[in-house]
Amino acid sequence: MTALKLLALILAASIPIPTFAAAQEGDTAAVIALANAVDRAVDAKDWDAALGYFAETIVSDQPGADPFEIPAAELVGGWEENLHADKASFHLRGTHVVAFTESGAAATVTSKAYAFNRVDGIPGGDLYEVWGDYEYDVVLEDGAWRITRFAFEPSMQRGNIAVVSHQPGGDGMRRP
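Just so we're aligned: the sequence shown equals residues -21 to -1, 1 to 155 in mature numbering (1 follows the signal peptide of the UniProt record, and there is no 0).
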């Protein structure tokens, strides 16, 4: 074997062959970006954007209740009603782990989370905080990742739980 043929074989062997694992890196980043985008949209009260991250119908899997199907519009509509203009929210995630199905067309993303809701001047304290774990199941639909299952498992909470369900005027306070 000539040196030139040997060099050609070595070079050919070192060229990466695209595999799903390589493609997964981009999908992993996209799935993590999706989870983070939901939080940004909710905190910005951009309900149309938030809705766009979900499949039409999803499974809601929350503590204290059996998992149930709900139209994404109803889920996001509930958030919109609860997170009214006088209620600030903040969501922060980290340590995302994404696990893909063998086909690569679906995945589960888990992440640690911290969130707060705040209503200035509410009796009992204006802040409620929660820490826990989010888990989203996602599918690839028409070239975009969409959430099909939404779960949150709190591990710690503190503050005024009344902040969570507060509605304007419900505490006797009126705001301009």
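The C-beta atom is built at its ideal place from N, Cα and C for all residues, glycine as well.
- Query: Hey, quick one: how far does the alpha helix (DSSP H) through A141 stretch, first residue to last?
  - Reply: Here residue 141 refers to the residue found at position 162 when the sequence shown is read from its first residue. From DSSP, the alpha helix (DSSP H) with A141 extends over A141 to S144.
- Paired residues, beta bridge with D45 - DSSP: Against the sequence shown, residue 45 aligns to sequence position 66. DSSP, once it has assigned bridges, lists no residue as partnering D45.
- A28 lies in the beta strand (DSSP E); which residues open and close that run? On the sequence shown, residue 28 is found 49 positions in, with the first residue counted as 1. Not the beta strand (DSSP E): A28 falls in the alpha helix (DSSP H), residues W26 to G31.
- Message: So for G148, helix, strand or coil by DSSP?
- Response: What you label residue 148 is simply residue 169 of the sequence shown in a count that begins at 1. Coil.
- Query: Where does F33 land, buried or exposed, given buried means 16+ other C-beta within 10 angstroms?
  - Reply: In the sequence shown, residue 33 corresponds to position 54, counting from 1. F33 should be labelled buried.
- Item | Coarse secondary structure for A1, derived from DSSP in three states | Locating residue 1 in the sequence shown gives position 22, counting from the first residue. Model confidence at A1 stands at a pLDDT of 43, short of 50, so the residue's coordinates are unreliable; what they give is reported in the following sentence. Correct three-state label for A1: helix.
- Query: From A86, T80, E114 and G103, pick the residue whose C-alpha is nearest to that of A92; which is it?
  - Reply: Within the sequence shown, numbered from 1, the residue matching residue 92 stands at position 113. The residue with the shortest Cα to Cα distance from A92 is E114.
- Given a cut-off of 9 Å, decide if V143 and residue 158 are closer than it, judged by their beta-carbon atoms. With the chain represented from -21 up to 155, any question about residue 158 goes unanswered, as that position is not in the structure.
- Item | Assigned secondary structure, D40 (DSSP; H/G/I helix, E/B strand, else coil) | In the sequence shown, the residue the question calls residue 40 occupies position 61. DSSP places D40 in strand when its eight states are reduced to three.
- Message: Are there any heavy atoms of the ligand COA lying less than 8 Å away from the beta-carbon of A64, as far as the coordinates show?
- Response: Among the components of this structure there are no ligands whatsoever, and the ligand COA is therefore not found.
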